[in-house]
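Student: In the numbering used here, the protein residues as written are 78 to 158.
Just so it is clear, CB atoms sit at the ideal spot from N, CA and C, and this is done for glycine as well.
1. Taking all protein chains shown into account, decide if residue 121 is buried (16 or more other Cβ within 10 angstroms of its Cβ) or exposed.
2. Does the beta carbon of residue 136 come closer than 7 Å to any beta carbon on chain D?
3. Quick test of your reading: residue 155 and residue 94, contact by CB under 8 Å. State the CB separation rounded to the nearest angstrom.
4. Output needed for residue 129: all residues of its chain with C-beta closer than 6 Å, excluding positions within five of it in sequence on either side, in chain order.
5. Helix, strand or coil for residue 109 per DSSP?
What follows is the structure in structure tokens.
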């Protein structure tokens with residue numbers, strides 16, 4: 078049961094990161110928000126203009142390092158485990 082709950086938590090976090098990425102909509106807003114979250118300006122510019130989809134970016138290091146699990150917990154995400 079613990080493994081199943083961990084998979085559900087993981088999937089929920091990926092979906093939340095995807096929703097946040099698509100909510101930012103434009104590359105300018107994405108770049109601004111990535112810089113706010115602590116990414117340097119060059120990487121933020123490079124990754125904000127990517128043609129990859131939201132789910133692929135959510136699994137990529139761009140969002141997993143900026144929107145961490147601790148940050149999601151501060152936003153109010155409660156773990157199933």
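Tutor: In brief:
1. buried
2. Here there is only one protein chain, and chain D is not present.
3. At roughly 17 Å, the Cβ-Cβ gap does not stay under 8 Å, so residue 155 and residue 94 are not in contact.
4. none
5. helix
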